[in-house]
Each structure stands twice: as structure tokens, then as C-alpha cells.
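Numbering (our numbering), first residue to last: 26 to 107. Structure first, commentary second.
Right, dumping it as C-alpha cells:
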């Protein structure tokens with residue numbers, strides 16, 4: 026019995042991993058996608074189709090806000106203290 030080549034083994038394993046990742050992504054999308062009843066709720070910002078995308082957007086906004094606070098403290102507050 027011949028062993029498959031390294032390339033064939035890598036390709037086969039990569040395809041298996043991609044299938045697992047696709048399945049995992051589908052499960053996440055199914056679990057965290059917005060339901061129609063959620064879309065009717067009024068918010069200041071528009072909702073994303075996917076809750077995880079919305080969480081990532083919120084984290085990016087929080088990071089930007091934190092960065093501006095640190096910048097303000099570094100440039101305006103600390104020089105006055107010293």
C-alpha cells in the first residue's frame with residue numbers, strides 16, 4: 026500500500042480544516058444573527074446583521090475613545106502636574 030504524498034496529505038487535511046471552519050462560522054452566524062424582532066428596537070446606532078460584528082464595532086469605538094483619553098491626559102494633564 027502506497028502512502029499519499031506530503032502534498033496530498035496537506036491538501037486533504039487543509040480541506041478538512043476548512044470544512045470545520047465553515048461549519049463553525051455557520052454555527053456562529055446562526056447563533057448570533059439578528060432575529061426580526063430585534064431589528065424593531067430603536068437604537069441610536071444602526072444594528073448590524075450579526076451581533077458579533079456589532080460587538081467588534083463597539084470594541085473598536087471603545088478603543089478609539091480610550092486612545093483619545095490617554096492622548097488628552099498625556100498632552101494636557103500630565104504637563105500641568107509636572
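Ideal placement from N, C-alpha and C gives every residue a C-beta, glycine not left out.
| Asked | Found |
| --- | --- |
| Nearest-angstrom Cα separation, counted from residue 55 out to residue 103 | 48 Å |
| Residue(s) in a DSSP beta bridge with residue 75 | 58 |
| C-alpha gap between residue 77 and residue 35, whole angstroms | 31 Å |
| Backbone secondary structure at residue 100 - three-state DSSP | helix |
| Assigned secondary structure, residue 34 (DSSP; H/G/I helix, E/B strand, else coil) | helix |
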